[in-house]
Amino acid sequence: MNKVLNENLSFEDFVNKLRQEYEYHKNGGTEYRQETARLSLDVAMEVKEVKPFLNPLSSKKLVLKHLPLLDNHRKDDVAKMLRVLAKSMYLENNTTNEVKEYVDRKMKNKMKLFIR
Numbered sequence: 001m002n003k004v005l006n007e008n009l010s011f012e013d014f015v016n017k018l019r020q021e022y023e024y025h026k027n028g029g030t031e032y033r034q035e036t037a038r039l040s041l042d043v044a045m046e047v048k049e050v051k052p053f054l055n056p057l058s059s060k061k062l063v064l065k066h067l068p069l070l071d072n073h074r075k076d077d078v079a080k081m082l083r084v085l086a087k088s089m090y091l092e093n094n095t096t097n098e099v100k101e102y103v104d105r106k107m108k109n110k111m112k113l114f115i116r
């Protein structure tokens with residue numbers, strides 16, 4: 001089965017996911033995670049597209065370019081947050097319904113084992 005992968009991810013959806021991540025950490029997360037989420041949103045707003053964040057190397061390069069004065073640990077965390085959210089969107093858009101249903105069934109069966 002040849003499926004054309006959809007790499008045309010909505011920048012607006014990406015920004016919304018980053019804002020949700022920021023709000024999530026703002027309401028109970030550590031200050032470090034809040035700042036990481038805020039910085040991720042700042043970088044995304046400068047880059048204005050999702051696709052570069054799908055690749056770990058280009059994600060890191062973009063963060064280095066836009067946040068040169070931060071410590072390496074923070075830059076790595078910002079790049080990772082951007083990459084993880086972009087990859088999550090990519091998988092949501094490109095995973096077939098059959099695969100989603102299979103995973104759901106497996107997860108439900110796994111939960112039944114834990115409940116017993």
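In full-length UniProt numbering, the protein residues as written are 1 to 116.
Virtual Cβ for every residue (Gly too), placed ideally from N, Cα, C.
Every value quoted in this text rests on a predicted model; they were computed, and no experiment measured them.
Shortest alpha-carbon distance to residue i belongs to which of the options?
i, options, result
"Ser59", "Asn8, Ala86, Lys26 and Val99", "Ala86"
"Gln20", "Thr36, Pro52 and Leu64", "Thr36"
"Ser10", "Lys65, Tyr32 and Lys48", "Lys48"
"Leu67", "Lys51, Met45 and Val84", "Met45"
"Asp71", "Tyr32, Val103, Asp104 and Asn97", "Tyr32"
"Leu39", "Leu57, Leu82, Phe53 and Thr30", "Leu82"
"Leu41", "Tyr22, Asn55 and Gly28", "Tyr22"
For residue i and residue j, I'd like the C-alpha separation in whole angstroms.
i, j, result
"Leu69", "Leu62", "13 Å"
"Lys75", "Lys17", "19 Å"
"Asn94", "Val43", "25 Å"
"Lys80", "Glu12", "19 Å"
"Lys108", "Val84", "24 Å"
"Val99", "Lys65", "37 Å"
"Lys26", "Gln34", "6 Å"
"Lys51", "Asp77", "18 Å"
"Leu57", "Thr96", "27 Å"
"Phe53", "Thr30", "24 Å"
"Asp104", "Leu91", "15 Å"
"Gly28", "Phe14", "22 Å"
"His73", "Met89", "25 Å"
Hey, is residue i close to the ligand GDP, as in C-beta under 7 Å from one of its heavy atoms?
i, result
"Ser10", "For the ligand GDP, the structure offers nothing, since it holds no ligand at all."
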